[in-house]
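Participant: Got a structure for you, written out below as structure tokens; questions coming shortly.
Protein chains: 2
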Amino acid sequence: MGSLSPQESNINSSPTDMPSALDPVEFRRQGHMMVDFIADYYQNIEKYPVLSQVEPGYLRKCLPESAPDNPEPIESILQDVQKHIVPGLTHWQSPSFFAYFASNVSIAGFLGEMLSTGFNVVGFSWVSSPAATELESIVMDWLGNLLTLPKSFLFSGNGGGVIHGSTCEAIICTMVAARDQMLRQIGLDNIQKLVVYGSDQTHSALQKACQIVGINPNNFRVIKTTKSTSFALSPESLKLAISSDVEAGLTPLFLCATVGTTATTAVDPLDSLCQVAKYYGIWVHVDAAYAGSACMCPEFRHFIDGVEGANSFSLNAHKWLFTALDCCCVWIKDPSTLTSSLSTNPEYLRNTATDSKQVVDYKDWQIALSRRFRAMKLWLVLKSYGAVNLRNYLRSHVKMAMLFEGLVSTDRRFEVVVPRVFSMVCFRVSPSAAIIISDDEINVENCINEVNRKLLEGINASGHAFMTHAVVGGMYVIRCAIGVTLTEEKHIAMAWKLVQEHADAILMKNNI
Amino acid sequence: MGSLSPQESNINSSPTDMPSALDPVEFRRQGHMMVDFIADYYQNIEKYPVLSQVEPGYLRKCLPESAPDNPEPIESILQDVQKHIVPGLTHWQSPSFFAYFASNVSIAGFLGEMLSTGFNVVGFSWVSSPAATELESIVMDWLGNLLTLPKSFLFSGNGGGVIHGSTCEAIICTMVAARDQMLRQIGLDNIQKLVVYGSDQTHSALQKACQIVGINPNNFRVIKTTKSTSFALSPESLKLAISSDVEAGLTPLFLCATVGTTATTAVDPLDSLCQVAKYYGIWVHVDAAYAGSACMCPEFRHFIDGVEGANSFSLNAHKWLFTALDCCCVWIKDPSTLTSSLSTNPEYLRNTATDSKQVVDYKDWQIALSRRFRAMKLWLVLKSYGAVNLRNYLRSHVKMAMLFEGLVSTDRRFEVVVPRVFSMVCFRVSPSAAIIISDDEINVENCINEVNRKLLEGINASGHAFMTHAVVGGMYVIRCAIGVTLTEEKHIAMAWKLVQEHADAILMKNNI
Chain A
1 MGSLSPQESN
11 INSSPTDMPS
21 ALDPVEFRRQ
31 GHMMVDFIAD
41 YYQNIEKYPV
51 LSQVEPGYLR
61 KCLPESAPDN
71 PEPIESILQD
81 VQKHIVPGLT
91 HWQSPSFFAY
101 FASNVSIAGF
111 LGEMLSTGFN
121 VVGFSWVSSP
131 AATELESIVM
141 DWLGNLLTLP
151 KSFLFSGNGG
161 GVIHGSTCEA
171 IICTMVAARD
181 QMLRQIGLDN
191 IQKLVVYGSD
201 QTHSALQKAC
211 QIVGINPNNF
221 RVIKTTKSTS
231 FALSPESLKL
241 AISSDVEAGL
251 TPLFLCATVG
261 TTATTAVDPL
271 DSLCQVAKYY
281 GIWVHVDAAY
291 AGSACMCPEF
301 RHFIDGVEGA
311 NSFSLNAHKW
321 LFTALDCCCV
331 WIKDPSTLTS
341 SLSTNPEYLR
351 NTATDSKQVV
361 DYKDWQIALS
371 RRFRAMKLWL
381 VLKSYGAVNL
391 RNYLRSHVKM
401 AMLFEGLVST
411 DRRFEVVVPR
421 VFSMVCFRVS
431 PSAAIIISDD
441 EINVENCINE
451 VNRKLLEGIN
461 ASGHAFMTHA
471 VVGGMYVIRC
481 AIGVTLTEEK
491 HIAMAWKLVQ
501 EHADAILMKN
511 NI
Chain B
1 MGSLSPQESN
11 INSSPTDMPS
21 ALDPVEFRRQ
31 GHMMVDFIAD
41 YYQNIEKYPV
51 LSQVEPGYLR
61 KCLPESAPDN
71 PEPIESILQD
81 VQKHIVPGLT
91 HWQSPSFFAY
101 FASNVSIAGF
111 LGEMLSTGFN
121 VVGFSWVSSP
131 AATELESIVM
141 DWLGNLLTLP
151 KSFLFSGNGG
161 GVIHGSTCEA
171 IICTMVAARD
181 QMLRQIGLDN
191 IQKLVVYGSD
201 QTHSALQKAC
211 QIVGINPNNF
221 RVIKTTKSTS
231 FALSPESLKL
241 AISSDVEAGL
251 TPLFLCATVG
261 TTATTAVDPL
271 DSLCQVAKYY
281 GIWVHVDAAY
291 AGSACMCPEF
301 RHFIDGVEGA
311 NSFSLNAHKW
321 LFTALDCCCV
331 WIKDPSTLTS
341 SLSTNPEYLR
351 NTATDSKQVV
361 DYKDWQIALS
371 RRFRAMKLWL
381 VLKSYGAVNL
391 RNYLRSHVKM
401 AMLFEGLVST
411 DRRFEVVVPR
421 VFSMVCFRVS
431 PSAAIIISDD
441 EINVENCINE
451 VNRKLLEGIN
461 ASGHAFMTHA
471 VVGGMYVIRC
481 AIGVTLTEEK
491 HIAMAWKLVQ
501 EHADAILMKN
511 NI
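Note that the protein sequences, when read in sequence, are chains A and B.
Under full-length UniProt numbering, the first residue of the first sequence is numbered 1, with each subsequent residue one higher.
Under full-length UniProt numbering, the first residue of the second sequence is numbered 1, with each subsequent residue one higher.
This is the structure:
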């Protein structure tokens, strides 16, 4: 008699009394424990340095070299999280986090994520979980209406919305749609002639999208902006760039216009840019990743005036609309351009609902097949706070930015570099306030940039706040971006005090 | 004295007593409520039809036309979820879900997702949250070691791992790396000459990736497989296809080999495919989305023998490794190919750690800039169950598939269409068992396909189980894919009884 094969022998030796990995009683116990752990984290968050102070490689020194063979209890896992992970976090939910743009969480966003993970349905096709698809279409219309987007962007007006993971994904998908539409006219062989336009303030997601979809690197136009337009893209410059490309025999394809640039929250003038684009027949995508959410307040809506001339529009609800990562809302006027580029129809996904063409299959609106039930978060945020409170939350951040801006203005050593538009203040130690021993204008700029760099380094090393920088028009500026849910006016006052203290030390040391 | 501008007036009218959207006390209360809601959902999950029975458009009829102006309490939101969302779900966590491939959840995966959302750090650069980056590198080495991947794929061997959202993203990124490496040799103008290879069993993600990265649609080779190789890609067929392309002056670029195809879990022979690929200098990506996890069991490891000849390898921990969506683990031998294609270095992200080149910045390993802290889930799953129990969980699913396979074999009306390899059984009502009034072989196949289509429709309409189909070699087959955490042997027995009952009805009706 032959012995069992290793496979059979292993299978037969599996213990049948293994605990279920989704036992509801245990789920409840550990789930409650985790809720308390995270609630405690929020209650204690101000005790941690905002910017993590660890050194590269710290974690390999703390953790074992390989995965454990045997189960560890949740209690000791949570101890490890507290001991080894928390010190290595840069605390994005800290009320003194003013870096980059916020990526804010709320109770409703958190609960929505729990539900989404709990159900863990994969809504690639309508049939694979109808509620996931239908709720997404509905909340995207809801949010579109709150933004008073033109009806042509909504399902109710033959456009439509989809939730992507990121702006880069949104740009890739719309750029591919534009590319294929154009190549159908001019032939595949002309892919190397396609030109994409942005400004020197456009997010790097545009460059990355170009790299991915096969735009010739020589045909990515980074149009220079200046302080005279507050670093917004000038329609005249765009027109010049395009006409020069047309003269050179190239084919203008795609413009990414920005509402709220990363460096300074500049707003590109959509109306006149879309007119130029329309003349040359190029696709306009509006990237309102950060500032788009604010446009649900009537007083900010004018910043997207002209969006009716664009082909697609996106904002990151995971930045300033309380959903937590990830939730990039994308609207498109002609979804068929997207689906004709992104559709695949493998037999194993065929089903009656899809064949009927009466349903949306979101797999054809995005890169991946799989997709998380992100609409749940957005729905919970909209329901749990209501439009009125959401607007007020957004306004409270803007109000705090106004407060910070006011504080900067009271100290003559500082200047606000560009006018504040939303909830971010770009400021710096002013060259005029610092006596630098040089007659050379370039050297003055270099010196003052160095002073500001050191100032920011000092602020961040203190652990009491975290801000980041940008360089615009040759100026090194400090960005104070407000948008974390826990931030209150007192944190703004503390942050300003911190800036002043560090400025005192640096300017004194430099004999300024 | 002028009146206030609308903006100022709105801001000043914001209520200052608005409840915080992240009040820890309220967070705790609502969080506990949600844990109980989801625990109840799991306890009751067998009461719901597995495949949602709603009609397209059902949800618009239930929900208001626009977002509410005012907050709704969590209690009423949860009632809405129960009343309007749950009926529209296809329950992927139901123990009788055997469709597609599972996307399974566990307590540890769920808790990891909670932590990740709670912290909501954005680990695009090391500095933006060092623990997020370092934990990801560590757990990717841990998991790579559990799979006994060659050291060249691990950080400890100058390769490295990254967690993407989906296989499609993994294929896009590796294809772009391969594309750019090749174009640096042959010149940008030759992008239209690049050829990509897969089989007729390769996942549609490959086709989509080709569409996105700008591969000429005429240069996407879908190599036919046959039953004789159990629908695995034949190295000889690959060689023929490549050499014919070379003769035609084209440039072979990329092969996607699959370990565990979607239709039948076929395994492409990595070793000999990689040898062919090496000869022609083409990039090999191994897509082990579903079956890769099983390869941490020694008895399944041989299915990825030869992976040392590949350039990159991916598996979806969100399919069969209990992390919940999304968690696609990707290893790559030469990360510099990836980063040279995907890097962008905007000034606003510059920092000392990056400049030192001592750290990993995962933004340059993936499509998006933003990224969720997915490593937390994988870490918690590995720690909470340990390698021993994880292997046993995987084996328990395989064992249940063996059980189902055995049941099918006992009923002479049925046949197992291809040998079971992992935890999926492909079966159908056998043509030989059905007396069909036709001498024409093609008609027999058509008739039997129709019988099986109707059988599957009946099973799914019952709500008691959900399976999906594939068509291979002209045969319509029913796929019973086992992998949901809650599935036990009794559910397999019930599923088989359901299949038999529906077969009785259909075969009787057809006088068979």
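Idealized CB from N, CA, C, for every residue including glycine.
When the cut-off is 8 angstroms and only beta carbons count, does residue 68 of chain B lie next to chain A?
Facilitator: yes
Participant: Identify whether residue 237 of chain B lies in helix, strand or coil by the three-state DSSP scheme.
Facilitator: helix
Participant: What does residue 385 of chain A touch in chain B if you count any residue whose Cβ is under 8 angstroms from its own?
Facilitator: 21, 71
Participant: With DSSP as the reference, label residue 4 of chain A as helix, strand or coil.
Facilitator: Residue placement at residue 4 of chain A is flagged as unreliable, the pLDDT there being 37, under the threshold of 50; the coordinate-derived value follows with that caveat. Correct three-state label for residue 4 of chain A: coil.
Participant: Pull up the distance between the alpha-carbon of residue 119 of chain B and that of residue 110 of chain B, whole angstroms please.
Facilitator: Those two C-alpha atoms are separated by around 14 angstroms.
Participant: What beta strand (DSSP E) runs, 3 residues minimum, are completely inside the segment 271-359 of chain B?
Facilitator: 283-287, 312-316, 328-332
Participant: Taking 8 angstroms as the cut-off, does the segment 113-127 of chain B touch the segment 370-384 of chain B (at least 3 CB pairs, one atom from each stretch)?
Facilitator: yes
Participant: Figure out for me which residue from B:28, B:134, B:292, B:71 has the closest Cα to the Cα of residue 422 of chain B.
Facilitator: Cα-wise, what sits closest to residue 422 of chain B is B:292.
Participant: Got a sec: is the Cβ-Cβ distance from residue 346 of chain A to anything in chain B below 8 angstroms?
Facilitator: yes
Participant: Does any C-beta atom of chain B lie closer than 8 angstroms to the C-beta of residue 244 of chain A?
Facilitator: no
Participant: Quick check: the segment 210-221 of chain A against the segment 344-362 of chain A, are at least 3 beta-carbon pairs closer than 8 angstroms?
Facilitator: no
Participant: Pull up the distance between the alpha-carbon of residue 289 of chain A and that of residue 253 of chain B, whole angstroms please.
Facilitator: 35 angstroms
Participant: Looking at the strands, I want to know which residues DSSP matches up with residue 173 of chain B.
Facilitator: DSSP output for residue 173 of chain B lists no bridge partner at all.
Participant: Name, going along the chain, the residues of the segment 249-267 of chain A whose beta-carbon falls closer than 9 angstroms to a beta-carbon of chain B.
Facilitator: 262, 263
Participant: Which residues mark the beginning and the end of the alpha helix (DSSP H) in which residue 205 of chain A is found?
Facilitator: 204-213
Participant: Examine chain B for any beta-carbon lying closer than 8 angstroms to the beta-carbon of residue 475 of chain A, and answer yes or no.
Facilitator: no
Participant: Between the segment 490-502 of chain B and the segment 49-56 of chain B, can you find at least three pairs of beta-carbon atoms closer than 8 angstroms?
Facilitator: no
Participant: Is the CB of residue 85 of chain B under 8 angstroms away from at least one CB in chain A?
Facilitator: yes
Participant: Could you check the C-alpha separation between residue 505 of chain B and residue 460 of chain B for me, to the nearest Å?
Facilitator: 14 angstroms
Participant: In the DSSP output, which residue or residues are listed as bridge partners for residue 465 of chain B?
Facilitator: Paired residue(s): none; residue 465 of chain B is not in a bridge.
Participant: Rounded to a whole number of angstroms, what is the C-alpha to C-alpha distance between residue 138 of chain A and residue 234 of chain B?
Facilitator: For residue 138 of chain A and residue 234 of chain B, the gap between their C-alpha atoms comes out near 47 angstroms.
Participant: State the start and end residues of the unbroken beta strand (DSSP E) segment that holds residue 391 of chain A.
Facilitator: Segment 375-410 is the alpha helix (DSSP H) holding residue 391 of chain A; no beta strand (DSSP E) there.
Participant: Could you tell me whether any Cβ in chain B is nearer than 8 angstroms to the Cβ of residue 208 of chain A?
Facilitator: yes
Participant: According to DSSP, simplified to helix, strand and coil, what is residue 478 of chain A?
Facilitator: strand
Participant: First and last residue of the beta strand (DSSP E) that includes residue 223 of chain A?
Facilitator: 220-223
Participant: Under 8 angstroms by Cβ, that's how I've got residue 313 of chain A and residue 149 of chain A pegged, so tell me the actual separation to the nearest angstrom.
Facilitator: 7 angstroms
Participant: Starting from the Cα of residue 60 of chain A, find the closest Cα among B:502, B:141, B:153 and give me that residue.
Facilitator: B:141
Participant: On a Cα-Cα basis, can you pick out the residue from A:18, A:25, A:45 that is closest to residue 71 of chain A?
Facilitator: Taking residue 71 of chain A as reference, the option from A:18, A:25, A:45 with the minimal CA-CA separation is A:18.
Participant: Give the residues from the segment 228-242 of chain B that approach chain A closer than 8 angstroms (Cβ to any Cβ), ordered along the chain.
Facilitator: none
Participant: Starting from the Cα of residue 403 of chain B, find the closest Cα among B:425, B:394, B:246 and give me that residue.
Facilitator: For residue 403 of chain B, the closest C-alpha among the options B:425, B:394, B:246 is that of B:425.
Participant: Would DSSP call residue 431 of chain B helix, strand or coil?
Facilitator: In the structure shown, residue 431 of chain B sits in a helix (DSSP, three-state: H, G or I).
Participant: Here's the rule: buried if 16 or more other CB atoms are within 10 angstroms of the residue's CB, otherwise exposed. What is residue 169 of chain A?
Facilitator: buried
Participant: So residue 328 of chain A packs on residue 103 of chain A, CB below 8 angstroms; how close in whole Å?
Facilitator: Incorrect: roughly 11 angstroms between the Cβ atoms, too far for contact.
Participant: In chain order, what residues of the segment 358-388 of chain A put their CB closer than 7 angstroms to some CB of chain B?
Facilitator: 358, 359, 367, 368, 369, 370, 372, 380, 382, 383, 384, 385, 386, 387, 388
Participant: Checking 8 angstroms against the spacing of the C-beta atoms, do residue 431 of chain A and residue 445 of chain A come in under that value?
Facilitator: yes
Participant: With 16 other CB atoms within 10 Å as the buried threshold, where does residue 315 of chain B fall?
Facilitator: With 16 or more other Cβ atoms within 10 Å, it is buried.
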